[in-house]
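Residue numbers for the sequence shown follow this note's numbering, so the first one is 58 and each next one is one higher.
Just so you know, even glycine gets a beta-carbon here, dropped at the ideal spot from N, CA and C.
Everything below concerns the one structure shown next.
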Amino acid sequence: MEVEAIDRAVRRTKIKREKLGGIYKYKIQGTDGNWFEPEERIWVVAMYALWQDSK
């Protein structure tokens, strides 16, 4: 599932959550359109949780 978010540089981006086995992987879309796992996973998880709370 992809959700809209704002990155730390205050740019619009998207966050994607994928379940692999029993573990969730969070990826963020870069300005070039590619997906990557950020170094600060806690930030991405928090942004995803904020999106869930708004629904």
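The bridge partners DSSP lists for Thr70 are Ala62.
Of all alpha-carbon atoms in Pro95, Ile80 and Leu77, the one lying nearest the alpha-carbon of Asp64 is that of Pro95. Linking Glu75 to Gln109 through their CA atoms gives a straight-line distance of about 15 angstroms. When rounded, the separation of the alpha-carbon atoms in Gln86 and Trp92 is 4 angstroms.
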